[in-house]
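Following: one structure in structure tokens, then a few remarks.
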Amino acid sequence: MINNNYRLSYIDKYALLLVEMPTPLHEAPFASLGKVFSRFFDDIPYDRTTINISILNTVELSTGIAPDQRISFHRLGHRRESTFISTMLGETALSQDPDDLFVKLREAVEANPYVLLVIAVLIKEARPYHSPAWRTVASQTLLRQPLHQNSNAFLVQSDEDSISALDVPVVVCGHEWCSIESVTFKVWVRGNDPIDIDTDNADLMAEGSLFPEDNMDGVIGMMEKGARKLQSELALFSQRINPHVDIHAIDDPSIPIHFDRADLIMKIVSAMEETAFIRYKAWYIHKRRNANFAIAEENLPAAANPPVDAQHQAASSRGRGRGRGRGRGRGCGRGRGRGGAASVPTRTSKRRK
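Residue numbers (my numbering): 56 to 408.
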């Protein structure tokens with residue numbers, strides 16, 4: 056279990072309940088894309104006293120549907136004149152069945168037929184995540200340490216000190232905490248009719264990969280096309296509020312929109328390490344609280360010891376002669392006690408975990 060912040064989407068038509076557990080890796084793509092759209096709208100000279108543009112994450116769009124990102128235009132002023140429209144939807148699938156994702160998107164578009172842009176990001180992990188097994192190096196090493204509240208105290212024990220990248224799994228103490236096999240995008244824009252999630256019309260849909268191969272040109276082009284449709288809709292939305300508004304200034308095609316591959320990659324790489332740390336903490340806390348999990352007291356720090364940071368642990372470990380796991384390429388190194396072997400926890404319960 057990663058956390059208790061489950062995100063639920065219920066598709067009544069198919070009696071389908073989608074349960075998502077958001078992690079930094081799940082949220083990363085739209086953290087980057089949201090920033091792009093925010094900068095784009097900041098450069099458009101629309102009337103901010105009468106129109107609010109919201110870029111919201113995980114807010115329910117229609118009954119039972121909560122996309123990962125939504126862009127909406129909201130007319131402000133007298134309550135009886137207020138109105139708002141959803142113009143963009145974004146959804147990430149992290150090691151999730153793509154068919155379930157597309158069912159959710161179809162339902163969302165059906166409930167909001169005037170949506171102009173839909174972006175789906177599919178992140179596939181190299182292997183389904185599982186927590187460390189008993190008697191692995193990770194289990195025997197990390198469980199005898201206090202809970203690391205400082206992420207560096209965990210990451211400093213990485214098996215290798217490689218530069219962080221999409222093709223570099225987060226491996227700490229021999230255990231793979233997060234790795235990515237592929238990142239693909241699929242983008243739809245509205246034509247004369249509502250968006251069709253099943254279309255193969257190249258004028259209205261593009262698909263491409265960010266990793267392991269970069270063939271994002273078509274995707275970037277389609278996202279820019281969708282952004283321009285949002286810009287045009289904003290001009291018309293403004294004109295409906297004020298017929299005298301300069302819609303040409305609002306719909307000016309020279310206003311820049313730039314989708315940055317490097318920022319997308321950076322956000323996802325950063326999220327890999329954050330997700331690994333969250334998974335470590337969830338696993339550690341679960342094991343400590345498990346009534347059927349017992350370790351001999353002599354191999355553990357006192358239960359009342361508070362969490363300590365990396366610097367304190369390093370000094371404490373040197374004093375006790377335990378493995379430091381510090382420095383380049385050192386990872387979860389062996390202890391330096393007698394015989395060169397590190398003391399390890401002793402399992403006292405015979406129940407299978």
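Built from N, CA and C at the ideal position, the CB exists for glycine as well.
All figures in this text were calculated on a predicted structure; none of them were measured in a lab.
* Proximity of residue 141 and residue 167 at Cβ, strictly below 7 angstroms -> Result yes, Cβ atoms of residue 141 and residue 167 sit closer than 7 angstroms.
* **Cβ pair residue 332, residue 209 closer than 7 angstroms** => Yes, Cβ-Cβ distance for residue 332 and residue 209 is below 7 angstroms.
* Asked: Quick one: what's got a C-beta closer than 6 angstroms to residue 203's C-beta in the same chain, skipping five residues either side?
  -> The answer, listed in chain order, is 209.
* DSSP state of residue 254 mapped onto helix, strand, coil -> Here DSSP, grouped into helix, strand and coil, assigns residue 254 to coil.
* Three-state secondary structure assigned by DSSP to residue 334 -> Three-state result, residue 334: helix.
* Could you tell me whether the Cβ atoms of residue 292 and residue 128 are closer together than 7 angstroms? => Contact: yes.
* To do: Over the uninterrupted alpha helix (DSSP H) stretch that includes residue 295, give me the two end residues.
  => 272–296 is the extent of the alpha helix (DSSP H) around residue 295.
* If residue 144 and residue 170 are in contact, beta carbons under 8 angstroms, what's the gap, nearest whole angstrom? -> The Cβ separation is near 6 angstroms, so the contact holds.
* To do: Taking residue 230 and residue 191 to be in contact with their CB atoms under 8 angstroms, please state how far apart those CB atoms are, rounded to whole angstroms.
  => Confirmed, Cβ separation roughly 6 angstroms.
* To do: Give the straight-line distance between the Cα atoms of residue 70 and residue 237, rounded to the nearest whole angstrom.
  => The predicted position of residue 70 is uncertain, since its pLDDT is 46 and thus under 50; no value can be drawn from it.
* **Same chain, Cβ closer than 8 angstroms to residue 305, neighbours up to 5 away in sequence not counted** => Correct list, in chain order: 99, 100, 101, 286, 289, 290, 293.
* Enumerate in chain order the residues of its own chain whose CB-to-CB distance from residue 138 is below 6 angstroms, with the five nearest sequence positions on each side excluded. => So the list reads 130, once near-sequence residues are dropped.
* Does the beta-carbon distance from residue 85 to residue 110 come in below 7 angstroms? -> Their beta carbons are not under 7 angstroms apart, which means residue 85 does not touch residue 110 by this criterion.
* Ordered along the chain, which non-local residues of its own chain (more than five positions away) have a Cβ less than 8 angstroms from that of residue 258? -> Excluding positions up to five away in sequence, the list reads 246.
* Closest by CA to residue 319, which one among 256, 271, 283, 330? -> Residue 271 is the option with its Cα nearest to residue 319.
* residue 240 to residue 343 span [Cα, whole Å] -> Between the alpha carbons of residue 240 and residue 343 lies a gap of roughly 39 angstroms.
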